[in-house]
Amino acid sequence: MMVAVFTPAILAEEFIVGDETGWTVGFDYQAWAVGKNFQIGDKLVFKYPVGAHNVFKVNGTGFQNCIVPPPNEALTTGNDTILLATRGKKWYICGVGRHCTAGQKLTIIVQPLSPAPAPSPAPSPDQKTKVALPSFGLGDNHRHYVILVKKNIN
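When the letters of the sequence shown are read in order and numbered with my numbering, they come out as residues 1275 to 1428.
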């Protein structure tokens, strides 16, 4: 008897915007975003001292021209979490003073969930139990998959 089990361990990622620097003036958020794989279900966390900054979600024009939306649309807790629920380009700015024009803004592209890798073909009769653990890199911002193929040998 042969049993094949495929278990993708896909977990949403939480990205602290600016890492240990947080959300502030004088940081290159576009450089920070390079190489990161933002997917539906991931979260952005904007950390900053309350009152010093805020976060607005804007459109491309608002981002380019630093157009600040109405104050009631601001995120202001200093630990603001945004769930990335849809794919596509997303834009965020700070609406305090001239922070946006000084570069305190972020644009990212949210990708759809990556399809799970296809299961491995069934092992040939002369193979024993196999466990494949492909490594996609080390670190907190990588997704990992576990593929288990089990064959009972009588």
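Note that CB positions come from ideal geometry on N, CA and C, so glycine has one too.
Separation of residue 1311 from residue 1404, as counted between CA atoms: Here the model assigns residue 1404 a pLDDT of 43, short of 50, so the residue's position is not dependable, and the following value carries that caveat. Rounded to the nearest angstrom, the two C-alpha atoms are 30 angstroms apart.
How long is the line joining the alpha carbons of residue 1367 and residue 1336, rounded to whole angstroms? Rounded to whole angstroms, residue 1367 and residue 1336 show a C-alpha spacing of 9 angstroms.
Using the C-alpha atoms, what's the distance from residue 1324 back to residue 1347? 16 angstroms
By how many angstroms is the C-alpha of residue 1360 removed from the C-alpha of residue 1371? 30 angstroms
To the nearest angstrom, how far is the alpha carbon of residue 1316 from that of residue 1353? 16 angstroms
Are the beta-carbon atoms of residue 1381 and residue 1340 separated by less than 7 angstroms? no
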